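**Q** Under the numbering used here, the first residue of the sequence shown is numbered 878, with each subsequent residue one higher.
The beta-carbon is built from N, C-alpha and C at its ideal position, and this holds for glycine as well.
None of the values given here were measured: they were computed from a predicted structure.
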Amino acid sequence: MTIKSNTPAHDKDCWQTPLWLFDALDIEFGFWLDS
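(1) Could you tell me the alpha carbon to alpha carbon distance between residue 884 and residue 893, rounded to whole angstroms?
(2) For the alpha helix (DSSP H) containing residue 903, list its first residue and its last residue.
(3) Would you report the Cα separation of residue 896 and residue 880, rounded to the nearest angstrom?
(4) Run through DSSP, which three-state label would residue 890 get?
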């Protein structure tokens with residue numbers, strides 16, 4: 878199954894989890910990899 882994305886190619890790699898959110902979830906769940 879292929880999912881079609883409407884996001885322009887130049888925008889696809891510009892997104893990441895906000896650091897404040899990642900830090901809060903890391904404290905809660907003990908992440909060791911953000912993927």
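**A** The structure says:
(1) 15 Å
(2) Residue 903 -> alpha helix (DSSP H) spans 896–906.
(3) 27 Å
(4) coil
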